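The sequence shown runs 599 to 782 under our numbering.
Beta carbons are placed, not taken as given, at the ideal position from N, Cα and C, and that holds for glycine.
As the structure is a prediction and not an experimental result, all values here were calculated from the model.
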Amino acid sequence: RSNLSGLRVAVLGAGAVGMELCRLLHEAGARLTVADVNAAAVDEAVRRFGAAAAAPDELVAADVDVFSPCALGGAINAQSIGRLRAPVVAGAANNQLLTPDMDAALRAKGVLYAPDYVINAAGVISVGLEILDQWNAADLNARIDRIGDTLTAIFDRSAREGRPTGEIADAMAMDVIAKAKRAA
């Protein structure tokens, strides 16, 4: 899909990252449903972006195109997978899967999962460039732009091999690390 207009996204967590995601999605024309334990943050998302409000424990069952966990880890567990209606899980929270086997459970349900450490890699990329004293905005933005290509490669390989996306992402990460070790 090249256009987000009309895409229905449930954002769990309206902190700094979740709120910025809401802003970007709103500007792209997506329809938002937002939940957070902080009612004031939800009210802000409703006011600023025309989002619908939901209770955090009910959001996973929302009739949406994308479920986007942007709060605490463990949002994807056996119970939430059973209630999940979205065909895609893509969010910025760390450790979204309560246990590694949730990756296979999502795949078995037909849900496309964007591995959390891939989708939220921009922060690690930025810090890595700073540590190496190589940080500049143009390079950072170019690397961030490649995250979408990486996700596409993960999704394609997952479909080809019939393996969960998280398993594929882990294998690809290990390949990158092995190549770096050989080059060192």
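Assigned with DSSP and collapsed to three states, L610 falls in strand.
Less than 7 Å divides the Cβ of I766 from the Cβ of S756.
In the structure shown, A767 falls within a helical segment according to DSSP collapsed to helix, strand and coil. By the C-beta density criterion, M700 is buried, having at least 16 other C-beta atoms within 10 angstroms.
For A649 against C668, the beta-carbon gap comes to about 13 Å, at or over 8 Å, which does not count as contact. DSSP places A633 inside the beta strand (DSSP E), whose first and last residues are 629–633. As a beta-bridge residue in DSSP terms, Y711 pairs with V687. DSSP places S756 within a helical segment (H, G or I) once states are collapsed to three. Cβ-Cβ distances below 6 Å link H624 to F647 in the same chain, with the five nearest sequence neighbours on each side left out; the list follows chain order. Following the DSSP letters along the chain, one finds V664 inside the beta strand (DSSP E) bounded by residues 664–667. Only residues of its own chain outside the window of five on either side were considered, and among them A691, N692, N693, Q694 have a CB closer than 7 Å to the CB of G671, listed in chain order.
Judged by DSSP in its simplified three-state form, A703 adopts helix. With 16 or more other CB atoms across the displayed protein chains lying within 10 angstroms of its CB, S666 is buried.
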